[in-house]
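Here's the structure we're looking at; comments come further down.
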Amino acid sequence: FFYWADKLGLLVWGEMPSAYRFTHLSVERITAEWTEAIDRDMNHPSLVVWVPFNESWGVPDLAEKVAHQSAVQALYHLTKTLDATRPVIGNDGWESTATDILGIHDYEHLPERLLEKYASSKNIGDVLSSRWPGGRMLTVEGYPHTGQPVMLTEFGGIACIDPADSRDRKNWGYTVCESPDELRGRYEALLKAVHRIELFDGFCYTQFTDTFQEANGLFTMDRQPKFPLEAMAWATRGAGYTRGELSSVPQAPILNGPPGNASPLTLDHLVMESEKSHAP
9 FFYWADKLGL LVWGEMPSAY RFTHLSVERI TAEWTEAIDR DMNHPSLVVW VPFNESWGVP
69 DLAEKVAHQS AVQALYHLTK TLDATRPVIG NDGWESTATD ILGIHDYEHL PERLLEKYAS
129 SKNIGDVLSS RWPGGRMLTV EGYPHTGQPV MLTEFGGIAC IDPADSRDRK NWGYTVCESP
189 DELRGRYEAL LKAVHRIELF DGFCYTQFTD TFQEANGLFT MDRQPKFPLE AMAWATRGAG
249 YTRGELSSVP QAPILNGPPG NASPLTLDHL VMESEKSHAP
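Here our numbering is used: the first residue of the sequence shown is 9, the next is one more, and so on.
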C-alpha cells in the first residue's frame, strides 16, 4: 500500500486500530504495536500524519479520567520522540488533549447546516464552546486550543446504494443516495460548502473507496470511480470559487495533456478517509 502511495503521490495518515476497552493490557499492547508501526512506516514519504487514537475509542472516559488523558498524551509525546518530522493528532475527531492539528469529525450531510455550524461562527471560540458532533466537546477541559490548524478530518459518508439490489441493501453509509448522478450532485454541494468555511485549514473526506459493508466510497472496492473523475477533481479542488466566497460551480472541464500539467493540490485537497493507513 505504502509503495503505491509513494509512487502515486497519495498522502496517507498512519492511524492505530482502536482498542475495545481501556485496560493496563490494552495500553501496553497499543504502545508496543504503535512503536513497531512507526519504525516500520516512517520512511515512506507518503505518510504525513500520525494518529494513535481516534474518536476516543480505547479511551472512552477521556473527558473525565486523568488516566485516559495521560494515555493519549503519552502516545502523542512518544510519537513526537520517535518521529519529530510529522504532525501528530493524539485523538482525532473530538476531545483533544495533545495534538498538532485540531481534527473535527462531522457527518452532517446537509451543506446549509454545515455552513450554519462553522461558517457563521465568529471565531474558533464559538466552535469550541459548542457540543458537536455526537454531543462531545472538541477539546477536553484544561487542554485549550492553542492555535493549531483546524481540519474537518472526517465528513461526507455518502453511500450510493441501489434499492433494487439486495446486496446493496446490506451495505451501510452515514447517509444514502440512489444513483451516481445524485452522488455527484451531493458531493459537489458538500465540497462547495466546505471550501467556503474559512475556519477549516483542510479536510479529509470519507471515503476514497468502498469497503466491506461500507459503501461510502467515491470509488468502488476495485477502484472504479462512481462518477466522472473530472467532475470529482473539480469539486475537490474547489475550482470556480475561493474560500469565503460562494459562487456557482462551473461544469467540469475536460482534462487533457500529459501528467504533470494539472494545477498542484494542497494537503486538504488530497487526503481521504480510506487513505488513513491502519497498522496491523
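Note that beta-carbon positions come from the ideal geometry of N, C-alpha and C, so glycine has one too.
Because the structure is a prediction, the values reported are computed rather than measured.
Its Cα nearest to that of P60, the residue M24 stands out among L146, M24, G150, S138. In the DSSP assignment, A167 falls within the unbroken beta strand (DSSP E) covering 166-168.
N51 and Q232 have their C-alpha atoms roughly 29 Å apart. Taking the Cα of A40 as reference, the smallest distance to any Cα among M229, T87, D69, V20 is reached at T87.
The way I'd put it, the segment 200-218 does touch the segment 157-166; three or more beta-carbon pairs between them come closer than 8 Å. Shown here, L19 sits in coil according to DSSP, grouped into three states, outside any helix or strand. The beta carbon of D49 lies closer than 6 Å to those of G22, L55 in the same chain, with the five residues before and after it left out. The continuous stretches of alpha helix (DSSP H) do not include T217, and DSSP gives it neither H nor E.
For I97, no beta strand (DSSP E) segment is defined, and its DSSP state is neither H nor E. Counting along the chain, H203 sits inside the alpha helix (DSSP H) bounded by residues 188-204. Shortest Cα-Cα distance from T31 to any of R245, V67, P119, M229 involves V67. For secondary structure counted as the beta strand (DSSP E) over 3 or more consecutive residues, the segment 10-82 holds these complete runs in sequence order: 20-23, 55-59. In this structure, the straight-line span from the alpha carbon of V96 to that of I38 is close to 16 Å. For P157, the CB contacts under 6 Å within the same chain, skipping 5 residues up- and downstream, are I109, D209 in chain order. Contact annotation: S64 and E116 have beta-carbon atoms that are not nearer than 8 Å. In the three-state reduction of the DSSP assignment, M159 falls in the strand class, which pools E and B. Within the model, the alpha-carbon separation for H76 versus D47 is close to 25 Å. The bridge partners DSSP lists for G210 are M159.
Separation of the CB atoms of T43 and L90 is rounded to 7 Å, and the pair is thereby assigned contact status at 8 Å.
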